[in-house]
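Novice:
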Amino acid sequence: MDLIIKNGTIVTPVESYKADIAVKNGKIVAIGTGFSEEGAKVVDAAGKLVLPGAIDAHTHLAMPFGGTVSADSYLAGTRAAACGGVTTVFDYPMQRKGKGIIETIEGRKEMCDPEACVDYAFHCCITDLNDGAILDEFEAAVNYGITSFKCFLVYKKEGMMVDDGTLVKILLKAKETGAMTNIHAENPDVIDLNIEQFLKEGKTSAWYHYLSRPEFVEAEADKRAIHWAKSMEAPLYIVHMADKEGLEAAITAKNDGHEIYIETCPQYLEFTCEVYKREDGRNFVCSPPMKGQESQDALWKAIESGAIDTVATDHCPFQSYEKDWGKDDFTKIPNGCAGIENLYPYMLSAANDGKISFNRAVELCAFNPAKIFGCEDKGSLAVGKDADIVIYDPNKEFTISVENMHSDYDHTIWEGKKLHGYPVKTFVRGNLVYEDGNFVGKPGIGQFVKRVGRK
Ligand code: DUC
Ligand code: ZN
Ligand code: ZN
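Quick note on the numbering used here: the sequence shown kicks off at 31 and runs consecutively.
1. Which residue wins for smallest C-alpha separation from Ala171, given the options Tyr185, Ala204 and Met191?
2. Work out the CA separation of Met262 and His436 for me, nearest whole Å.
3. With Asp219 as the anchor, note down where its alpha helix (DSSP H) starts and where it stops.
4. State the beta-bridge partners of Glu293 as determined by DSSP.
5. Under 7 angstroms from any heavy atom of ligand 3, does the C-beta of Val184 make it?
6. Would the beta-carbon of Lys353 fall within 8 angstroms of that of Asn313?
7. Since Pro453 sits in a beta bridge, which residues does DSSP pair it with?
8. For the stretch 423–439 against the stretch 121–130, are there 3 or more C-beta pairs whose distance is under 8 angstroms?
9. For ligand 2, is there a heavy atom less than 7 angstroms away from the beta-carbon of His270?
10. Label His239 either buried or exposed according to how many other C-beta atoms from any shown protein chain fall within 10 Å of its C-beta, with 16 as the threshold for buried.
11. So, at 8 angstroms on beta carbons, what are the nonlocal neighbours of Ile34 in its own chain, with the 5 sequence-adjacent residues on each side left out?
12. Judging by CA-CA distance, which residue of Glu231, Lys187, Val463 and Gly460 is the nearest neighbour of Gly97?
13. Might you give, ordered along the chain, the residues of its own chain that have their beta carbon closer than 6 angstroms to the beta carbon of Ala396, omitting 5 neighbours on each side?
14. Look up Cys395 in the DSSP assignment and say whether it is helix, strand or coil.
15. What would DSSP say about Tyr104, mapped onto helix, strand or coil?
16. Between the C-alpha atoms of Ala251 and Thr343, what's the straight-line distance to the nearest angstrom?
17. Less than 8 angstroms between the C-beta atoms of Lys482 and Gly404, yes or no?
18. For Met141, which option in Leu105, Asp310, Asp166 and Tyr47 has the closest C-alpha, if you only look at C-alpha atoms?
19. Am I right that Asp149 and Thr118 are in contact with their C-beta atoms under 8 angstroms? What's the rounded C-beta distance?
20. Is DSSP giving His153 helix, strand or coil here?
21. Under DSSP, the alpha helix (DSSP H) around Ile132 begins and ends at which residues?
22. Taking contact to mean 3 or more Cβ pairs, one atom from each stretch, closer than 8 angstroms, check whether the stretch 124–139 and the stretch 197–217 are in contact.
23. Between which two residues does the alpha helix (DSSP H) carrying His239 extend?
24. Please determine, among Ser379, Thr196, Gln227 and Val44, the residue with the shortest C-alpha to C-alpha distance to Ile213.
25. Is there contact between the stretch 437–448 and the stretch 466–484, where contact requires at least three CB pairs shorter than 8 angstroms?
26. What are the boundary residues of the beta strand (DSSP E) that Ala92 is part of?
27. If you draw a straight line from the alpha carbon of Tyr376 to that of Ile370, how long is it in whole angstroms?
28. Where do the N-terminal and C-terminal ends of the alpha helix (DSSP H) with Met210 fall, by residue?
29. Indicate, with yes or no, if ligand 3 has a heavy atom lying under 7 angstroms from the CB of Cys181.
30. Can you tell me whether Cys346 is helix, strand or coil according to DSSP?
31. Could you spell out where the beta strand (DSSP E) holding Ala251 opens and where it closes?
32. Please name the residue or residues paired with Met124 in a DSSP beta bridge.
33. Measure the alpha-carbon distance for Ala163 versus Lys401 and round it to whole angstroms.
34. Taking 7 angstroms as the cut-off, is the CB of His214 close to at least one heavy atom of ligand 2?
35. Which residues does DSSP pair with Leu462 in a beta bridge?
36. For the alpha helix (DSSP H) containing Leu329, name the first residue and the last one.
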């Protein structure tokens with residue numbers, strides 16, 4: 031054996047029980063008791079929880095966006111991930127007009143390979159069908175391990191939006207090839223209308239970022255995407271759900287038997303639109319924006335009931351000086367916030383405080399993303415799976431500060447947030463990458479996760 035983690039409480043989506051885990055060649059080879067410790071590194075997890083590493087299914091690392099590039103490189107982002115108990119990171123490379131899917135992915139893979147501190151996978155954002163050539167490439171992309179494609183229903187002027195006809199073509203092709211369509215749902219025309227009006231009236235603070243994209247702007251696009259997915263009988267994954275009306279429409283469609291998955295993010299569970307009234311409101315600017323209390327309450331209810339499938343971060347930090355570009359004009363604030371290192375500790379702290387069970391936190395952050403996105407070796411503590419393991423101390427008190435994070439950004443919306451319990455060790459395929467507040471891994475250790483399609 032290479033590694034034995036003993037005396038801990040193992041948490042799965044359905045149960046928690048005391049047992050030891052034996053690891054060899056990066057895999058979990060046995061779960062039980064009484065393993066020979068000869069030649070193995072032995073970790074005593076008495077009094078601790080032993081959890082599957084989290085999967086952050088939604089990040090934007092080194093992403094050209096908003097006139098700059100998001101502040102975390104693949105190295106910084108995955109280093110921070112490791113320190114927050116995330117052992118697989120999904121990034122969203124952006125296919126552009128004239129470029130192919132695999133070409134786009136390989137370009138990003140080249141950047142990521144030498145830097146990745148945890149394992150990584152890619153969804154691919156589709157912005158242009160290249161006269162149909164992109165649809166013809168879906169099958170090859172699925173065989174390559176890219177089994178999900180994202181459509182933006184927004185960012186029209188930025189050239190990232192797809193229209194409804196393109197969305198329908200993608201939904202159908204994804205269904206045919208065993209892939210998943212991911213959707214960022216907001217209505218671009220109403221946003222542009224609102225922005226034009228606010229700027230004309232001199233309403234330029236971050237509060238107007240929220241007012242230009244309020245609840246109903248997201249809800250319309252959620253419902254439109256659901257409508258097309260239902261009509262095409264195609265699976266749909268709605269990213270960063272933030273509004274009650276859209277959430278309820280998605281839950282209704284799920285209950286009617288349609289294959290619809292819902293992701294939300296910790297920022298929507300923690301903050302409301304009131305943050306945009308703060309002096310530093312621009313730091314919270316992301317799209318979709320945080321919504322009102324009713325939406326937040328609905329999201330928590332759906333977390334508790336099981337209706338929400340995953341929690342991921344939409345990690346896309348920018349430096350303070352970049353956020354400051356929008357001090358006097360909210361449209362100039364690069365959209366996005368940090369979260370990759372906060373996801374698992376935040377959800378586990380909610381569990382530790384009794385808001386949800388630890389089993390549910392594991393389901394939302396590890397088991398479900400692995401299952402939905404075809405990461406066969408990830409997301410569970412079970413024999414045969416990768417030894418992606420987090421040891422969690424439920425008694426450790428932790429206050430988030432930019433000073434104790436491991437990214438490259440210079441501020442965080444999570445500053446001052448107190449957490450009850452915190453990860454103390456992270457293993458990626460049996461390799462220790464984080465211990466007691468410190469990154470102890472090596473860039474380049476992370477491997478591409480070749481995912482399997484849905485057929
Ligand atoms: N929203 C953000 O806030 N940042 C990155 C991309 C997105 O859709
Ligand atoms: Zn998005
Ligand atoms: Zn995103």
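Idealized CB from N, CA, C, for every residue including glycine.
Specialist: This is what the structure gives:
1. Comparing Cα-Cα distances from Ala171 to each of Tyr185, Ala204 and Met191, the minimum goes to Ala204.
2. 43 angstroms
3. Pro218 to Lys230
4. Thr340
5. no
6. yes
7. Tyr422
8. The stretch 423–439, when compared against the stretch 121–130, does not touch it at the 8 angstroms Cβ threshold.
9. It does: the Cβ of His270 is within 7 angstroms (strictly closer) of some heavy atom of ligand 2.
10. buried
11. The beta carbon of Ile34 sits closer than 8 angstroms to those of Asp50, Ile51, Ala52, Val53, Phe65, Glu67, Ala70, Lys71, Val72 and Val73, all from its chain and outside the five residues before and after it, given in chain order.
12. Residue Lys187 is the option with its Cα nearest to Gly97.
13. Pro82, Ala84, Ile85 and Gly409
14. helix
15. helix
16. 20 angstroms
17. The residue asked about is misnamed: residue 482 is Val in this sequence, not Lys. With contacts defined by Cβ atoms closer than 8 angstroms, Val482 and Gly404 form a contacting pair.
18. Leu105
19. For Asp149 against Thr118, the beta-carbon gap comes to about 5 angstroms, under 8 angstroms, which counts as contact.
20. coil
21. Start and end: Ile131 to Cys142.
22. no
23. Trp237 to Ser242
24. Thr196
25. no
26. First-last for Ala92: undefined, no H or E at that position.
27. 11 angstroms
28. Met210 -> not in any alpha helix (DSSP H); beta strand (DSSP E) instead, spanning Met210 to His214.
29. No.
30. coil
31. No beta strand (DSSP E) contains Ala251, which is instead part of the alpha helix (DSSP H) from Glu245 to Met262.
32. Cys155
33. Roughly 29 angstroms separates the two Cα atoms.
34. Because some heavy atom of ligand 2 lies under 7 angstroms away, the Cβ of His214 counts as near it: yes.
35. Phe457
36. Gln323 to Ser335
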